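Read in order, the letters of the sequence shown are residues 24 to 193 in the working numbering.
For each residue, glycine too, the CB sits at the ideal point set by N, CA and C.
All of these numbers come straight from a predicted model, not from anything done at the bench.
So the structure is just underneath, and the comments pick up after that.
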Amino acid sequence: MKKNKENKVKEKVKTSSFTELTKVFTKPLTENKYEDYETASWYKRFASFFLDTVVVVPIYLLFIFIIDKLEMKDLNETFIQSSFSLFFFIYLIYFWIIFKGQTIGQFIMKTKIVSDKNEDLSIIQNLARLMGYIASNIVLGIGFLTIFITKDKKCLHDMTSKAKVVDLNK
Numbered sequence: 024m025k026k027n028k029e030n031k032v033k034e035k036v037k038t039s040s041f042t043e044l045t046k047v048f049t050k051p052l053t054e055n056k057y058e059d060y061e062t063a064s065w066y067k068r069f070a071s072f073f074l075d076t077v078v079v080v081p082i083y084l085l086f087i088f089i090i091d092k093l094e095m096k097d098l099n100e101t102f103i104q105s106s107f108s109l110f111f112f113i114y115l116i117y118f119w120i121i122f123k124g125q126t127i128g129q130f131i132m133k134t135k136i137v138s139d140k141n142e143d144l145s146i147i148q149n150l151a152r153l154m155g156y157i158a159s160n161i162v163l164g165i166g167f168l169t170i171f172i173t174k175d176k177k178c179l180h181d182m183t184s185k186a187k188v189v190d191l192n193k
């Protein structure tokens with residue numbers, strides 16, 4: 024009888040710790056609501072992307088300079104060429120999670136990524152957005168062009184993460 028109670032308690036602890044872990048990754052990062060904001064225009068979104076690129080490129084060039092100065096000839100040339108995408112994706116996910124839906128470019132352009140429920144994105148939604156972003160790049164940017172044909176101005180990565188980009192200027 025005592026052993027049976029111990030097993031039930033252990034099972035309850037395992038279930039509750041998994042539930043708590045799941046909540047961490049699926050709940051919005053903050054409880055902010057964004058119902059009153061309009062969807063950001065394509066040119067504001069493009070401008071924020073351009074500004075983010077302006078931030079990432081010098082960091083990438085510094086990385087290449089350091090590799091060249093250290094004479095790391097063994098480093099695979101393909102890795103060096105593809106590392107720009109890796110840098111950019113790390114930059115995006117870092118800012119989307121740490122700064123709750125805004126990169127430096129989005130901060131300057133006063134736009135923010137929010138869920139379709141008008142809340143901040145969860146970590147899972149941020150990762151889904153990154154996967155959609157990668158898919159948009161793989162198909163020669165066609166995933167970005169959907170912004171012009173969807174009435175709610177969504178790109179492929181917005182659709183995959185159930186998110187939208189709002190203009191914080193009222």
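Three or more beta-carbon pairs separated by less than 8 Å link the segment 139-153 to the segment 185-193, which places the two stretches in contact. Non-local beta-carbon contacts of His180 in its own chain, meaning distances under 7 Å to residues more than five positions away in sequence, involve Arg152, Gly155, Tyr156, Ser159, Gly166 in chain order. Per DSSP, reduced to three states, the secondary structure at Ala63 is coil, with no helix or strand assignment.
Taken through DSSP and simplified to helix, strand or coil, Thr134 comes out as strand. The beta carbon of Gln148 sits closer than 8 Å to the beta carbons of Ser138, Ser184, Lys185, Ala186 from its chain, once the five residues preceding and following it are set aside; these are given in chain order. In this structure, the CA atom of Tyr83 is about 34 Å from the CA atom of Glu61. If the five residues before and after Asp190 are omitted, its C-beta is found closer than 8 Å to the C-beta atoms of Tyr60, Glu61, Thr62, Ala63, Ser64, Lys67, Lys133, Thr134, all from its own chain and listed in chain order.
Exclusion of the five residues before and after Phe111 leaves Val79 as the residues of its chain whose Cβ lies within less than 6 Å of its Cβ.
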